[in-house]
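Number 212 in the working numbering belongs to position 132 of the sequence shown; there are no gaps in the numbering.
Report on one structure; see the data block that follows.
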Amino acid sequence: MYKITAFLLGISVIACSAMAAGRVCSVCGMPLAEHAKNLFVLQTEPAAKEPLHVCAISCLKKAVKHDPRYKKIEVADFNHPEKLLAGDKAFFLLKSTKIKADIGENVMAPYFGAFATEAEALEAQKKYGEGVILQGVENAIK
Numbered sequence: 081m082y083k084i085t086a087f088l089l090g091i092s093v094i095a096c097s098a099m100a101a102g103r104v105c106s107v108c109g110m111p112l113a114e115h116a117k118n119l120f121v122l123q124t125e126p127a128a129k130e131p132l133h134v135c136a137i138s139c140l141k142k143a144v145k146h147d148p149r150y151k152k153i154e155v156a157d158f159n160h161p162e163k164l165l166a167g168d169k170a171f172f173l174l175k176s177t178k179i180k181a182d183i184g185e186n187v188m189a190p191y192f193g194a195f196a197t198e199a200e201a202l203e204a205q206k207k208y209g210e211g212v213i214l215q216g217v218e219n220a221i222k
């Protein structure tokens, strides 16, 4: 019995330390890659809370519904994931299942890519052969 308890305790310590080493979605707890292409960062206005790091459109909807003070939304640039774009100005490629191959491992549907310009979004749409382009996070989450 003690061996099983010690084993489970050890596993939980390892899991917790692994999660502490990286960033996780503030809503669902999914691990986020360092330069995730599917990352949203939400900030309240005024900046009263720590920003939320969110992994998917579904988690974004939950976060905004739970606390409507999250007004400033930034999204990772699909072509340059180390950069964040203003959510209201970004161009989103939605309804493309083929884009998932380039997003990475930890990703939930609906799959999307956010782009700095409409031309970049159109280029991605052409590459993947499907999808709809919308400007602004408000339109993307409808």
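All residues carry an ideal CB built from backbone N, CA and C; glycine is no exception.
For residue i, collect the residues of the same chain with a Cβ closer than 6 Å to its Cβ; drop the 5 residues on either side in sequence, then sort them by chain order.
i: residue 123; result: 131 and 152
i: residue 142; result: 107
i: residue 149; result: 124
Where does residue i land, buried or exposed, given buried means 16+ other C-beta within 10 angstroms?
i: residue 154; result: buried
i: residue 108; result: exposed
i: residue 212; result: exposed
i: residue 209; result: exposed
i: residue 189; result: exposed
i: residue 166; result: exposed
i: residue 200; result: buried
Look at residue i and residue j and say whether their C-beta atoms are less than 9 Å apart.
i: residue 193; j: residue 204; result: yes
i: residue 195; j: residue 174; result: no
i: residue 110; j: residue 127; result: no
i: residue 214; j: residue 158; result: no
Between which two residues does the beta strand (DSSP E) carrying residue i extend?
i: residue 133; result: 132-134
i: residue 217; result: Note, residue 217: premise wrong, no beta strand (DSSP E); alpha helix (DSSP H) at 217-220.
i: residue 193; result: 193-195
i: residue 174; result: 171-174
i: residue 165; result: 164-166
Tell me which residue opens and which closes the alpha helix (DSSP H) that residue i is part of.
i: residue 208; result: 198-208
i: residue 179; result: Careful: residue 179 lies outside any alpha helix (DSSP H) and carries neither H nor E.
i: residue 144; result: 137-146
Reducing DSSP to helix, strand and coil, say where residue i ends up.
i: residue 154; result: strand
i: residue 128; result: coil
Excluding the five sequence neighbours on either side, which residues of its own chain have a C-beta within less than 8 Å of the C-beta of residue i, listed in chain order?
i: residue 184; result: 113, 116, 117 and 118
i: residue 225; result: This structure gives no information on residue 225, because the portion of the chain shown stretches from 81 to 222.
i: residue 98; result: Note that residue 98 scores a pLDDT of 38, beneath 50, so its modelled location is shaky; the value from the coordinates is reported in the next line. No residues qualify anywhere along the chain.
Using a Cβ-Cβ cut-off of 7 Å (strictly less than) and excluding sequence neighbours within five positions of residue i, which residues of its own chain qualify?
i: residue 176; result: 191, 208, 210 and 211
i: residue 221; result: 137, 140 and 141
i: residue 219; result: none
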